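Novice:
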Amino acid sequence: MLRMILLLMALFFCANSHANTTAKITHILMYEQGNIIYIYPEGGVQNPPSCHGSNGDYLSYKMNRPMAKEYFSMLMLAFAAQKTVSFRTEGACIDQSVSETIRYFTVYK
């Protein structure tokens, strides 16, 4: 019984550790030397994890991800059309040690 309670608690905390940010994109930075793309949401990152640094209010992802080019294309289109984007993030700074890592996103009409 105790194991079941601990498992449920772990699942609850894991499910809630992912953050969401919904906003338009103010600008996009492509940093080749770091092999990373930074996305700056309007109003900043919502509910950032503790690892998220104070050096910038952005989300990021590595350019070597399997769908990095598709991410970049869709985010550039959303930026150009000033569409609202809902980012689902890892709740951790995986691709860069001081910025929330993008897991997936939705572009709205």
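Numbering (the numbering used here), first residue to last: 112 to 220.
Each residue gets a CB set at the ideal place from its N, CA and C atoms; glycine is no exception.
This one's a predicted model, so the numbers in the text were calculated from it and none came from an experiment.
For His163, which residues of its own chain have a beta-carbon under 7 Å away from its beta-carbon, when the five flanking residues on both sides are left out?
Specialist: In the sequence shown, the residue the question calls residue 163 occupies position 52. Here the set comprises Val156, Cys204, Val209, Ser210 and Glu211.
Novice: Strictly by DSSP, which residues pair up with Tyr182?
Specialist: Numbered from its first residue, the sequence shown carries residue 182 at position 71. Looking at the DSSP assignment, Tyr182 forms no beta bridge with any residue, so it has no partner.
Novice: When the Cα atoms are used, what is the spatial distance from Leu119 to Ser184?
Specialist: Position 8 of the sequence shown holds residue 119. Position 73 of the sequence shown holds residue 184. Summary for Leu119: the model assigns pLDDT 45, below 50, so the residue's position carries little reliability; its value from the coordinates is reported in the next sentence. Taking the straight line joining both Cα atoms gives about 39 Å.
Novice: Can you pull the DSSP bridge partners for Gln207?
Specialist: Looking up residue 207 in the sequence shown gives position 96. According to DSSP, which records beta bridges pairwise, Gln207 is partnered with Ser210.
Novice: The ligand MN and Ile148: does the residue's C-beta get closer than 7 Å to at least one heavy atom of that ligand?
Specialist: You won't find the ligand MN in this model; it holds no ligand whatsoever.
Novice: Which residues share a DSSP beta bridge with Pro152?
Specialist: Here residue 152 refers to the residue found at position 41 of the sequence shown. Answer is Ile136, bridged to Pro152.
Novice: Here's a check: name, in chain order, each residue in its chain whose Cβ is nearer than 6 Å to the Cβ of Met154, leaving out the five neighbours to either side.
Specialist: Within the sequence shown, numbered from 1, the residue matching residue 154 stands at position 43. One point to set straight first is that residue 154 is Gly, not Met, in the sequence displayed. Result list for Gly154: Ala134, in chain order.
Novice: Could you give the distance in angstroms between the alpha-carbon of Leu170 and the alpha-carbon of Ile213?
Specialist: In the sequence shown, residue 170 corresponds to position 59, counting from 1. In the sequence shown, residue 213 corresponds to position 102, counting from 1. One C-alpha to the other measures close to 6 Å.
Novice: Kindly indicate which residue of Pro160, Lys220 and Ile139 has the alpha-carbon position closest to the one of Ala90.
Specialist: The structure shown does not extend to residue 90, since the chain is modelled only from 112 through 220, so no value can be given for it.
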